[in-house]
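Everything on this sheet refers to the single structure shown next.
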Amino acid sequence: MSTGDSGGLRAIAAFLGTCWKINLASALEYRLSFALLAGMMFINNFIWLFFWNLFFSRFPIVQGWELRDVMLMWAIGAGGFGWVNLLFGNFTRIATIVSTGELDLYLAQPKPVLLHVLASRMSITAAGDFVFGLVIFAWVGERTLLGALAFALGLLLAGLLFLGVMLHVGCLAFFIGNSEGIAQQALGSFVSLSTYPSSIFKGAARAMLFSLIPAGFISYLPIGLLKHFDPWFVTAAIAATALIGGSGIALFRFGLKRYASGNLIAARS
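Okay, so the sequence shown: first residue is 7 according to our numbering, each after it adds one.
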């Protein structure tokens, strides 16, 4: 790596650090609101686990899944969604930013456009998701160094998959105009499908979960990564995450060439 490359990486790291500090300071300006919103999301996730507990009290094993597996699935899904929403909170708003002309603000500044868009917002409720994931792992996960590293990898893959999928969906705004509704529906569907055991889906539905709608890679992580390490599945999950992320970045860059300014005059809040 050349000195110029390392200098560029340091500049990007410093830029991200500044964005995150500003976002956190803004979120903590109203600390009670921050705590309430994050706490409500934390409780909401626990309520879902309560219903799963009622289900497994009657059916202890479903397609090889036990309550602990479902709890870890929720820990990975919520935790992954949480960290990516904390650090790159605009990943769910790309369609809105493009279709409303807010992208002009980022194009006018000498920073990597996509990175700037993603990192310029923090979701407050996501803190509850992330903490929920950590608490559930501490409760039922394998509390060893290897177990913690595997869980961290699961969080990383889950978060990047959420980011990559929503990047693709958000980029539709470059080509079809206002796609905010589509983006919200896609997000809701993807989150929902990632919170059900993948083994209950069969045939074409299961194939879609590992291809067109790759939520299966998230929902199967508690089995293929944490419970019984499956090198083939983990390799496929890493490859799928890299492919989805890379193609999403390429699609955004291609969409920028088609972008027409919204002539929006605004300042970043």
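The beta-carbon is built from N, C-alpha and C at its ideal position, and this holds for glycine as well. Please read all numbers here as calculations on a predicted model, not as lab measurements.
For residue 87 and residue 173, believed in contact at Cβ under 8 Å, the rounded distance: So it is not a contact: roughly 14 Å between Cβ atoms.
Given a threshold of 16 other Cβ atoms within 10 Å of its Cβ, counted over all protein chains shown, does residue 122 qualify as buried or as exposed? buried
Is residue 46 buried or exposed, if buried means 16 or more other CB atoms sit within 10 Å of its CB? exposed
Could you check which residue in 140, 119, 164, 211 has the C-alpha nearest to that of residue 261? 119
Continuous alpha helix (DSSP H) stretch holding residue 188: start and end: 186 to 199
Is the Cβ-Cβ distance between residue 95 and residue 136 less than 8 Å? no
Reference residue 198, options 182, 215, 209, 208, closest by Cα: 215
Let's test the definition: count the other Cβ atoms within 10 Å of the Cβ of residue 156 and tell me whether it reaches 16, buried, or not, exposed. buried
Close-in-space but distant-in-sequence residues of the same chain around residue 58 (CB under 7 Å, 5 per side omitted): 73, 76
On the CB-based measure, 16 or more other CB atoms within 10 Å of its CB, does residue 151 come out buried or exposed? exposed
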